[in-house]
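A.B. asks: Input: one structure, supplied below.
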Ligand SMILES: [Mg+2]
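Numbering (the working numbering), first residue to last: 6 to 306.
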């Protein structure tokens, strides 16, 4: 397939579902009708680092690239809008259209429009996805820096499933295994993120690197201590609490709330309370026999 035919096929595979687009694929740049606040995040996935071509279908790779970018929009409490995609394709990669179709499948689920992008040739498969979310006022959005002493710490969903799925995939399981499916096609918690923000979350982050690392980011940015009880962490089936807090790629959300907002928070999303915020600094993980040290998630080089 030549480059022009590939681009034409990609354009045919994409749907405009935003209502904000004035111009998109086929022009030199996309043009959107902006809302007052644009919330932008960008992520890059590299073959052999963030996924393995040997075990991931092209469509799963496309899905995951968009999911990781959208998860950051979820963590801000923003409404997702448009995605822009840049792909480096090695010559031996035969399924570029499947890659875009996988991405478009998640975009369709999330009401996102893939509004533009670029395809170039190169030595290794690399996907870069920038997403723009929207909000009307700064107060609608939640940062990492607002956790206060006395707040409760909650997480959505179950943790550790993606890492357990990655191991099972390496051992030969396939996407019929629920944990493998969870690893291959994570779902960004966009609805939960917006609902938790509206319910008054003081700080929020998506669990992309593992709670043991991501909760530390909230503690550092907020200038507080987060205390998390390991026996309260909701674990995916067959996963220990230690694995659940160190495994990455779950894309669940961690949010902090004042005690007085416990009920609205519980109504907003499927939350499990795992700990509390206090004066001090850093993350304190507490097991049955006291503080547990030495656990961390994925630490970026
Ligand atoms: Mg993030």
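Cβ coordinates follow ideal geometry from the N, Cα and C atoms, glycine included.
For clarity, every value in this text was computed on a predicted model and none was experimentally measured.
(1) Quick check on the burial criterion: 16 or more other C-beta atoms within 10 angstroms. Buried or exposed for residue 171?
(2) Pull the bridge partners of residue 137 from the DSSP assignment, please.
(3) Less than 8 Å separating the beta-carbons of residue 157 and residue 267?
(4) Helix, strand or coil for residue 143, going by three-state DSSP, please let me know.
(5) State buried or exposed for residue 187, treating a residue as buried only when at least 16 other CB atoms are found within 10 Å of its CB.
(6) Relative to the C-alpha of residue 14, which candidate in 257, 262, 124 has its C-alpha closest?
(7) Please return the same chain residues whose Cβ sits closer than 7 Å to the Cβ of residue 91, not counting the five positions on each side in sequence.
(8) Within the chosen definition, does the region 136–152 reach the region 41–49 through at least 3 CB pairs nearer than 8 Å?
(9) Looking at the unbroken alpha helix (DSSP H) that takes in residue 251, where does it start and where does it end?
(10) Which residue's Cα is closest to the Cα of residue 169: 234, 111, 250, 34?
(11) Evaluate residue 104 with the Cβ neighbour count: other Cβ atoms within 10 Å of its Cβ, from every protein chain shown; 16 or more gives buried, anything less gives exposed.
(12) At a cut-off of 7 Å, would you count residue 224 as near ligand 1, judging by its Cβ distance to the nearest heavy atom?
(13) Alpha carbon to alpha carbon, how far is residue 303 from residue 9?
C.D. replies: Taking the geometry as given:
(1) Buried, by the Cβ-count rule.
(2) 45, 87
(3) yes
(4) Residue 143: helix per DSSP, three-state reduction.
(5) buried
(6) Checked all of 257, 262, 124; the closest Cα to residue 14 is 124.
(7) Cβ neighbours of residue 91 beyond the five flanking positions: 122, 123, 133.
(8) yes
(9) Counting along the chain, the alpha helix (DSSP H) containing residue 251 begins and ends at 246–251.
(10) In terms of CA proximity to residue 169, 250 leads the group 234, 111, 250, 34.
(11) Classification for residue 104: buried.
(12) no
(13) Those two C-alpha atoms are separated by around 39 Å.
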